[in-house]
Amino acid sequence: MIVTVPTPAGMRNAPSPPADEDLELLLLIRHFELTLLRLFEAGELSGTTHTCLGQEYIPVALKPLLQEDDHVFSNHRGHGHFLARHAEPYGLLAEIMGREGALCAGVGGSQHIYHRRFLSTGVQGESLPVAVGVALKLKGSGALACAYIGDGTWGEGSVYEALNMARLWRVPLLVVVENNGIAQSTPTSAQMSGDIAARAAAFDVPHHRVTSTEVGEIRAELAPLVAVVRGDCRPLVAEFVTHRLGPHSKGDDTRSPEEIARAGDHDWYARYARMFPDPFDRLDRERRELVERIAAEVTARPPSVWEQR
Amino acid sequence: MTRVSEHLNQALHDLMEADPRVHVLGEDVSDPYGGAFKVTRGLSTRFGDRVRSTPLSEGALTGVGAGLALAGDRAVVEIMFADFAALAFDQLVNFAAKSTSMYGRPVPVPLVVRCPSGGNRGYGPTHSQSPQKHFIGVPGLSLFEMTPFHDAGELFARMFALGQPCLFFEDKVLYTRRMYEGGVVDDLFRYELAGDVARVFLDGVTEPDCTLIAHGGMTHRALAAMRELLLEEDLACELLVPARLHPLPGLPGLERARHVCVVEDGSEGGTWGAEVARLLYPRLWSTLRRPIGLISAADSVIPAAPHLEREVLVQPGRIRHTIAEALS
Ligand SMILES: Cc1ncc(C[n+]2csc(CCOP(=O)(O)OP(=O)(O)O)c2C)c(N)n1
Ligand SMILES: [Mg+2]
């Protein structure tokens, strides 16, 4: 079922506290997502949303490994990907709520955003070939295309067609796999034969498995590999073993309470709160209050206007 | 009172119980999840591995369904959102539909592909479409749509009896509405079933001012418009809701109407409604007093924000005004 490492990865060696800047971003994403669920419950939000609770550290770890001119392709669970790329929580919330200042006029909503070289779409697997095309264009420039996909998305044939071309044509493509052990309600073990490492190997694409949830450790592991993607134009599959703490979208978690609790054992939030009450408590309160202000401000805005049809 | 989603669920239970050859495949269809819209709830618990949650592989899982059908079984495939039927287009069009005739003799492919369709839920451009029009006119492929009038069990039986792949659209908002029973819609309207077509009418009105033709998912918006047209514009309307969209079954009684109008949720251009009008023109040419009306969603993606989505999709107000204007 859920991929579980015996001890939470971050506990292996007594970690140093994350930099304030990283912790702030982690907490911003956490409170952003919690706020969305709260707004849904209050009937302030319509449609659907997929939160990245528990997985926030992945885009935060990748943040300094990406350059300004890189392109990022995201998926349905993309709020963290976006916030770690662009510090525009007001614009993102306005997009999700269909308010003035929305990134894409409220047309795309939570899952369909195209803003400053960040693109997401709600059809699983669709973005990977597109990322190969963008990477083909970027080849030689030192920039790369980074595409986030989940474990479940490896069911789609387009993933393999894209990997094949990416390696064949040597394009700077970084595939970030958020392997949270589940796709909507289906455990990875019930939808994937073999594993991601072997699938990457079949295309002669290097694969690296990340089990740590410490942003510092992750960066140290990945930095040299990402440099090869840029310099050598060789694609890389970076697979994060991670845990989805919340429901797939909202109120649709059919996992047992024990299973959800096991996922929670890996939560950076609880760990940092316990290990580093200072500065955690202060930053946590600050970010929570910030997101509350953002939500109040954006909720009060008039509806978005779709001018450029 | 039975909700449409519960009714569909019961129909699938009955179908699997009655026929051990029936399989159900789709993403997250197994218990306890029971499908994104809960239509397959309870099936895996009861029927074991005849029900399979599949990987995210719309093309391949449709092909697997076709294979089961080819091998003598019957398959109901669920595409989580109708939008993703695009990923199964090749399997449907170039294999399942064609193989019923391209081998020089009839080859039965009893395959039903269930597609939760439609918007008005704020799901955004890739989770809200009514893509019926993309599948119309494919030799060997039939289109059906769930309505609040038709018994789903009978529709499944009809579709399998064709021995051809069928797309079965189920409007996501319709899921939450109740099934009509006993010939009564509400205080104003009655209904009757004539084969594949439900006819909704006002008691005693034999020559309606307008007969609307709509697919199942449009039913409630059409009814809301008909109520307003009657109460506020004094115009009596009738509504025909065919459960089979393509090929289109015979539509009863249109000669008696002053005006005929097709209403659909697909985006404008090359639509189901246009196909309905094409089929009706020769038949109604001598009795028509004005062109057949066609009300479709805008030629637009479907925005996520509700205030923008509302403008793009067909709403009761637009139906009312278009019909009132045509008749003024
Ligand atoms: C082509 C396609 N099929 C199905 C869906 C519905 N859907 C959205 S997310 C999801 C599960 C994705 O699982 P995974 O890739 O593991 O990502 P996770 O949700 O775990 O982050 C499904 C089935 C979709 N959006 N696109
Ligand atoms: Mg997953």
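Same order as they appear, the protein sequences are chains A and B. Reminder that position 110 of the first sequence reads as 111 in my numbering, one-by-one numbering, no gaps. Reminder that position 54 of the second sequence reads as 215 in my numbering, one-by-one numbering, no gaps. Glycine is no exception: its CB is placed at the ideal position from the N, C-alpha and C atoms.
- Take GLY203 (chain B), set aside five residues on each side of it, and the residues of its chain with a beta-carbon closer than 8 Å to its own are ASN170, HIS174, ASP192, GLY195, in chain order.
- Taking 8 Å as the upper bound on Cβ-Cβ separation, chain A lies near residues ARG282, GLY283, TYR284, GLY285, PRO286, THR287, HIS288 of the segment 258 to 290 of chain B.
- Around the C-beta of GLU96 (chain A), 16 or more other C-beta atoms lie within 10 Å, and the residue is accordingly described as buried.
- The three-state secondary structure of LEU409 (chain B), taken from DSSP, is coil.
- Only ALA184, GLN185, SER186, THR187, ALA191, GLN192, MET193 from the segment 177 to 197 of chain A bring a Cβ to less than 8 Å from some Cβ of chain B.
- Looking at the backbone, the Cα of ARG171 (chain A) and that of GLU240 (chain A) are separated by about 20 Å.
- Within chain A, no residue has its CB atom less than 9 Å from the CB of GLU167 (chain B), the nearest being about 18 Å off.
- Within the segment 37 to 69 of chain A, the residues whose Cβ lies closer than 9 Å to any Cβ of chain B are, in chain order, LEU46, SER47, GLY48, THR49.
- The segment 56 to 73 of chain A makes contact with the segment 132 to 145 of chain A; the number of CB pairs closer than 8 Å reaches 3 or more.
- Cβ neighbours of THR189 (chain A) within its own chain (closer than 6 Å, five residues either side excluded): ASP152, GLY182.
- When 8 Å is used as the limit between beta carbons, HIS113 (chain A) is near these residues of chain B: GLY285, PRO286, THR287, ALA465, in chain order.
- Between the beta-carbon of GLY79 (chain A) and that of SER121 (chain A) there is about 4 Å, and that keeps the pair under the 8 Å contact cut.
- Note on the segment 245 to 289 of chain B: whole beta strand (DSSP E) runs with a minimum of 3 residues are 272 to 278, in chain order.
- Contact between LEU139 (chain A) and PRO173 (chain A) holds, with the beta-carbon distance rounding to 6 Å and staying under 8 Å.
- Here PRO467 (chain B) is actually not in contact with VAL108 (chain A); their C-beta atoms are around 12 Å apart, not less than 8 Å.
- Cβ-Cβ distances below 7 Å link GLU157 (chain A) to GLN125, GLY126 in the same chain, with the five nearest sequence neighbours on each side left out; the list follows chain order.
- Counting along the chain, the unbroken alpha helix (DSSP H) around ARG283 (chain A) starts and ends at 278 to 300.
- The residue among B:VAL225, B:LEU229, B:VAL274 with its C-alpha nearest the C-alpha of PHE245 (chain B) is B:VAL274.
- According to DSSP, residue pairing for PHE350 (chain B) in a beta bridge involves B:LEU363.
- Closest option to LEU440 (chain B), judged by alpha-carbon separation, among B:GLU188, B:GLN290, B:VAL423: B:VAL423.
- Of all alpha-carbon atoms in B:PHE296, B:PRO277, B:SER291, the one lying nearest the alpha-carbon of ALA257 (chain B) is that of B:PHE296.
- For GLY226 (chain B), the shortest C-beta to heavy atom distance toward ligand 2 is 7 Å or greater.
- Beta-carbon to beta-carbon, SER278 (chain B) and ALA243 (chain B) are separated by about 4 Å, close enough to satisfy the 8 Å threshold.
- Uninterrupted alpha helix (DSSP H) stretches at least 4 residues long and entirely within the segment 45 to 104 of chain A occur at 58 to 63, 80 to 86, 90 to 98, given in chain order.
- Put simply, the backbone Cα of GLU308 (chain A) is about 30 Å away from that of LEU291 (chain A).
- Chain A places a beta carbon closer than 8 Å to that of LEU217 (chain B), counting this residue as a contact.
- Straight through space, the alpha carbons of VAL212 (chain B) and GLN56 (chain A) are spaced by roughly 32 Å.
- For THR243 (chain A), no CB of chain B lies under 8 Å from its own CB, so it is not counted at the interface with that chain.
- Only buried fits THR201 (chain B), as 16 or more other CB atoms lie within 10 angstroms of its CB.
- Non-local beta-carbon contacts of ALA197 (chain B) in its own chain, meaning distances under 8 Å to residues more than five positions away in sequence, involve GLU188, ASP189, MET241, PHE242, PRO277 in chain order.
- Within 9 Å of the CB of SER489 (chain B), no CB atom of chain A is found; the nearest one sits about 30 Å away.
- Note that the C-beta distance between ASP426 (chain B) and LEU474 (chain B) is below 8 Å.
- By the Cβ rule, the segment 249 to 266 of chain B counts as touching the segment 225 to 240 of chain B, because three or more pairs are nearer than 8 Å.
- In the three-state reduction of the DSSP assignment, ASN181 (chain A) falls in the coil class.
- Put simply, the backbone Cα of ARG339 (chain B) is about 23 Å away from that of VAL237 (chain B).
- Contacts between PRO236 (chain A) and chain B, judged by CB atoms closer than 8 Å, are missing: the closest CB pair is about 21 Å apart.
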